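There are 2 protein chains.
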Amino acid sequence: MRISLIGFGNVGRDFAKLLIRRGVDDCVVAIMASKGGVLRRDCMKARDLSRYIENGIYGESMDMGLDDIIDAGIDAAIISIPPSYDTGEPNLSMYRKLLSSGVSVVTSDKTGLALDFAGLMAAAVKGDANIEYRATVMAGTPAIDLVRGLWGREVNSIKATLNATTNFVLTKIEEGLSRKDAVELAIREKLAEPDPRIDLDGWDAGAKLVILANQLGLNATLRDVKLSRFDADDERIRQAIKAGRRVKQVAVADMDSREMAVTLMEVDASSPLASVSGNYNAIEIRIGGDTVSLRGPAGPSARTAEVMLADLLRLKRAIH
Amino acid sequence: MRISLIGFGNVGRDFAKLLIRRGVDDCVVAIMASKGGVLRRDCMKARDLSRYIENGIYGESMDMGLDDIIDAGIDAAIISIPPSYDTGEPNLSMYRKLLSSGVSVVTSDKTGLALDFAGLMAAAVKGDANIEYRATVMAGTPAIDLVRGLWGREVNSIKATLNATTNFVLTKIEEGLSRKDAVELAIREKLAEPDPRIDLDGWDAGAKLVILANQLGLNATLRDVKLSRFDADDERIRQAIKAGRRVKQVAVADMDSREMAVTLMEVDASSPLASVSGNYNAIEIRIGGDTVSLRGPAGPSARTAEVMLADLLRLKRAIH
C-alpha cells in the first residue's frame, strides 16, 4: 500500500519506527508536517525513514502541499496532527479532500470526526475510501470496539472520564497544589495540549464522547456538547476526598434525550470513573438496567502508533 | 433471510419473542429442539411463533432431522442448545454439517468453538458461510468485541471471572452456607447447568476463556485448559474476606507460554475480578505493562437473545 504520514510529532515518528521495526512493507511516499515535507514517488527506504525520525524532515523540506501527495498516488494517509476545535481548520478540509479523492485515512486526531462525523462518512462513501480512528479514544484500550459491539442494542447513557491532563491536575490539587500551580505543572511536563482549554474546559473529552456516541447512531457533533469551564474550588476537591468521593471531569451522553455535557463532578470513590488517574481512562455504559464498565490506558504515543498500525492492517484487509 | 431456530429453551423462545416484537421480517422455516420440531417451508406466521412460545412445539412435533432443515433451504441457524463438553456431540457434528453446507450460524452454545475453533472456521470458509458467536462470552457485555479490538497487538495474558454460578455459590459460602448447601441452592434456583461440573469444575469458564484466546490467534481448545475441581474449603473462603480478599473461580490464559487454567484463587478485594457477583463477569487483560479491565452482565436469556439478534443483523449486512 502507498501511504503518506501527515503529522510527524511523537505519534508520527513512533508510527514510522513501528513500520521499520515490524518490517511492514508499505511504501511511504511522503511525510508532511506543519512546516514542510518530503516526497519520494518511488518510496522511502528504511534508512531514509530512520534519518527523518532522528533529524526531522526540515533539513530536506520541499515546497509541497496536500495536492502533491494525492497526485503522487497514495492509498492511505496516516494522520497525527494537533486538533483544531475552534474553527475545525485546516483539519476538516484536509479530511474531506483526502476521502473524497479516494484516499483512506487512519487518524489519531479527533477534529474531523468530532465536528462533522456524518460529513466525513459521506465523503468516504463518495470517494470509496475508509476512515479508521480507533486511536482517537483511549488509544491503548479498545473503547471504540466495545461501543461498536453494542450496536443494535438500546444503550441509555455513556458516562466517562476521558482526559488524562485533568486527571493529573485534579490529583495534584488533591495533594495540596493550588489549581494554578497544578495547571502550570501539567504544561511544564507537556501533559497538557498547547492550548490548555482543550483539556481543562472539556474539548478533548467532549470530542471523544461525541465519537463514542456516533458509534451508536447519535449523529452528534462537539457543538452539541455543553462544556463547562475548569472552575473547581481547590478546597472542595480536597473535602471530597475526606467524604469518600473524588472530583473528576466527567463526560456524559444521555442517549435518549440526546443531551451531552462535560463537567467537573463529585463521583463516589468506588466508581470506575473515580478510580482512574494518570493516563488511565474509564467508561461506564448503562444499558437496560445494567452497567458495563471499561477501564484502561490511553496513550502514550508509542501505543497510539501501535493502534494506528493495527488500523492500517484492517484497512488492508478491507481493501485486500 | 430464511432461518431455523435450533434449541427452543429460554434463549430460543426469547429470540422468537424478539423477532415478533421488533417486527423482524426473517422467514422462520423450522424450529428444532431435542425431542422434535416443526417445519414450514413457506415460513411461520407471527401467530404460529407466538403459539409455540406459549405451548411449546411438542404438540405438533414432526419426525424431522438436521438434513430436513438444510434441504428446506435456510440461510442461517440460530443455535441455543446445552453444551456437551465431554464428547462434543451431537453439537460438533451439527456445526460442521451446517457450515460446510453453506448455512451460517448464530450461536450461544460454546461447545463447537471451545472444542474445535479452527475446524469450524475452516468449515465456514469451505461452505462460504459465517459463524457469529458474541452471545457465548458475557452475552450482555461486548467482551468478544473488546478482545477482537486488540488483534494485532501483543497481549500478555487474559484473567477473568466468567461463571455466574460459582459467583453465586462462593457468595453463599461467604455468607455462611456449607459448600454442599450452596451448590444445592444453585441447582434448585436453576442457576447451575443440569451437570454441575460444567460450572463448578470450570468447563464453562474454560470454554469462554478458549473462545477469547482464539480471538487473539492462540488456536487452543478446551482440552488445553487445566481445570481444577471445586474443592474450596468453606472456612478458607470466609477467612479470605476478613483479610480483604475473596476466593473466586478465575480463568487464566498466558498468551506467551500458551498455558491456560481455571482454578479457585484468592483475589484482592479491590480487583475487578473480585468485585463481581451474581450475573456480573469481569476480565483483566495485561498488555505491554498495562491493564485493560472490563466488567458487565452476562445473561439473562432475554439479553442473550438480544445479542444473537444483533449477530443476525451483522450476518445480513455481511451477506447483504
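Protein sequence lines, in the order shown, are assigned to chains A and C.
Under my numbering, residues 1 to 320 are what the first sequence spells out, in order.
Under my numbering, residues 1001 to 1320 are what the second sequence spells out, in order.
For every residue, glycine included, the Cβ atom is placed at its ideal position computed from N, Cα and C.
On a predicted model such as this, the values are computed, not experimentally measured, just so you know.
Worksheet entry | Segment contact flag, the segment 1206 to 1220 of chain C with the segment 1141 to 1150 of chain C, C-beta cutoff 8 Å, min 3 pairs | These segments touch.
Fill in: Where residue 1194 of chain C falls: helix, strand or coil (DSSP)
For residue 1194 of chain C, the three-state secondary structure derived from DSSP is coil.
Worksheet item: Relative to the C-alpha of residue 1089 of chain C, which residue among C/1116, C/1013, C/1070 and C/1103 is closest?
Response: Checked all of C/1116, C/1013, C/1070 and C/1103; the closest Cα to residue 1089 of chain C is C/1116.
Discussion item. Under 8 Å, with one C-beta from each stretch per pair, do the segment 159 to 172 of chain A and the segment 116 to 127 of chain A reach the 3-pair mark?
Written reply: The segment 159 to 172 of chain A, when compared against the segment 116 to 127 of chain A, does not touch it at the 8 Å Cβ threshold.
Worksheet item: Are any of the Cβ atoms in chain C nearer than 8 Å to that of residue 162 of chain A?
Response: No, no contact with chain C.
Worksheet entry | One or two residues paired with residue 1281 of chain C in a DSSP bridge | Answer is C/1296.
Worksheet item: So does residue 1055 of chain C have its beta carbon nearer than 7 Å to some heavy atom of the ligand SAH?
Response: As for the ligand SAH, it is missing from this structure, which has no ligand bound.
Worksheet item: In terms of residues, what are the limits of the alpha helix (DSSP H) holding residue 91 of chain A?
Response: Going by DSSP, residue 91 of chain A is part of the alpha helix (DSSP H) stretching over 91 to 100.
Practice prompt. Quick one: give me the first and last residue of the beta strand (DSSP E) that residue 50 of chain A is part of.
Written response: It is not in any beta strand (DSSP E) - residue 50 of chain A instead sits in the alpha helix (DSSP H) that spans 46 to 55.
Worksheet item: Of the choices A/312, A/70 and A/217, whose alpha-carbon is the least far from that of residue 157 of chain A?
Response: Comparing Cα positions, the closest option is A/217.
Worksheet item: Taking the Cβ atom as the reference point for each residue, do residue 1092 of chain C and residue 1123 of chain C lie within a distance shorter than 8 Å?
Response: With a cutoff of 8 Å on beta-carbon distance, residue 1092 of chain C and residue 1123 of chain C are scored as not near each other.
Discussion item. Less than 8 Å between C-beta atoms, sequence neighbours within five positions excluded: which residues of the same chain meet that for residue 316 of chain A?
Written reply: Correct list, in chain order: 1.
Worksheet entry | Sequence ranges, alpha helix (DSSP H) only - wholly within the segment 152 to 226 of chain A, length at least 4 | Entirely contained in the segment 152 to 226 of chain A, the alpha helix (DSSP H) runs reaching 4 residues are, in chain order, 164 to 174, 179 to 188, 197 to 200 and 203 to 215.
Worksheet item: Given residue 269 of chain A, which residues of its chain have a CB within under 7 Å of its CB, disregarding the five upstream and five downstream residues?
Response: Cβ within range, chain order: 244, 245 and 246.
Practice prompt. Name the two residues that bound the continuous beta strand (DSSP E) containing residue 1078 of chain C.
Written response: Counting along the chain, the beta strand (DSSP E) containing residue 1078 of chain C begins and ends at 1076 to 1079.
Discussion item. Are the CB atoms of residue 18 of chain A and residue 318 of chain A within a distance shorter than 8 Å?
Written reply: No Cβ-Cβ contact shorter than 8 Å links residue 318 of chain A with residue 18 of chain A.
Item to complete: Could you run through the segment 1288 to 1302 of chain C and flag, in chain order, every residue whose CB is less than 8 Å away from some CB of chain A?
Response: Sequence-ordered contacts of the segment 1288 to 1302 of chain C with chain A read 1288, 1290, 1291, 1292, 1293, 1294, 1295, 1296 and 1297 [C-beta pairs closer than 8 Å].
Practice prompt. For residue 1153 of chain C, decide whether its Cβ has a neighbour in chain A, counting only Cβ atoms nearer than 8 Å.
Written response: Closer than 8 Å to some Cβ of chain A, the Cβ of residue 1153 of chain C qualifies, so yes.
Worksheet item: Which residues in the same chain as residue 193 of chain A place their Cβ atom closer than 6 Å to its Cβ, once the five residues preceding and following it in sequence are excluded?
Response: Result list for residue 193 of chain A: 199, in chain order.
Worksheet item: Name the chain C residues whose beta carbon is nearer than 9 Å to that of residue 148 of chain A?
Response: 1142, 1145 and 1149, listed in chain order.
Item to complete: Measuring alpha carbon to alpha carbon, tell me which of C/1048, C/1043, C/1040 and C/1025 ends up nearest residue 1013 of chain C.
Response: Taking only the C-alpha atoms, the option nearest residue 1013 of chain C is C/1048.
Fill in: Start and end residues, beta strand (DSSP E) containing residue 1248 of chain C
Element bounds for residue 1248 of chain C: 1245 to 1254.
Discussion item. Using CA atoms only, rank isn't needed, just tell me which of A/201, A/178 and A/3 is closest to residue 165 of chain A.
Written reply: Ranked by Cα distance from residue 165 of chain A, the options A/201, A/178 and A/3 are led by A/201.
Fill in: Residue interval of the beta strand (DSSP E) (run including residue 266 of chain A)
Per DSSP, the continuous beta strand (DSSP E) segment holding residue 266 of chain A begins and ends at 259 to 268.
Item to complete: List the residues of chain A whose Cβ lies closer than 7 Å to the Cβ of residue 1306 of chain C, in chain order.
Response: Residue 1306 of chain C reaches chain A at 153, counting residues in chain order whose Cβ is nearer than 7 Å.
Discussion item. I want to verify the contact list: residues of chain A whose CB lies under 7 Å from the CB of residue 1313 of chain C, in sequence order.
Written reply: Think of a sphere of 7 Å around the beta carbon of residue 1313 of chain C: the chain A residues whose beta carbon falls inside it are 152, in chain order.
Worksheet item: Using a Cβ cut-off of 9 Å, which residues of the segment 188 to 213 of chain A contact any Cβ in chain C, in chain order?
Response: Taking 9 Å as the upper bound on Cβ-Cβ separation, chain C lies near no residue of the segment 188 to 213 of chain A.
Item to complete: Would you mind reading off the limits of the beta strand (DSSP E) that contains residue 13 of chain A?
Response: That residue, residue 13 of chain A, is in no beta strand (DSSP E); its alpha helix (DSSP H) goes 10 to 21.
Worksheet entry | Nearest-angstrom Cα separation, counted from residue 1263 of chain C out to residue 1239 of chain C | For residue 1239 of chain C and residue 1263 of chain C, the distance between alpha carbons rounds to 18 Å.
Worksheet item: Given that residue 274 of chain A touches chain C, what residues does it touch there, using C-beta distances under 8 Å?
Response: At a beta-carbon threshold of 8 Å, none of the residues of chain C lie near residue 274 of chain A; the nearest stands roughly 13 Å away.
Discussion item. If I follow the unbroken alpha helix (DSSP H) through residue 121 of chain A, where does it start and stop?
Written reply: Start and end: 111 to 127.
Worksheet entry | Option nearest residue 1331 of chain C by Cα separation, candidates C/1112, C/1301 and C/1292 | As displayed, chain C neither begins before 1001 nor continues past 1320, which places residue 1331 of chain C out of reach and without an answer.
Discussion item. Could you give the first and the last residue of the continuous beta strand (DSSP E) run that contains residue 365 of chain A?
Written reply: Lying before the first or after the last residue shown, residue 365 of chain A is absent from chain A, which here runs from 1 to 320.
Worksheet item: Taking Cβ-Cβ distances below 9 Å as the criterion, which residues of the segment 19 to 43 of chain A are in contact with chain C?
Response: Answer set for the segment 19 to 43 of chain A: empty.
Discussion item. Taking the alpha-carbon of residue 1109 of chain C as reference, which of C/1094, C/1118, C/1136 and C/1103 has the nearest alpha-carbon?
Written reply: The option with the nearest alpha carbon to residue 1109 of chain C is C/1136.
Fill in: Start and end residues, beta strand (DSSP E) containing residue 1029 of chain C
It spans 1027 to 1033 - the beta strand (DSSP E) in which residue 1029 of chain C sits, taken as one unbroken run.
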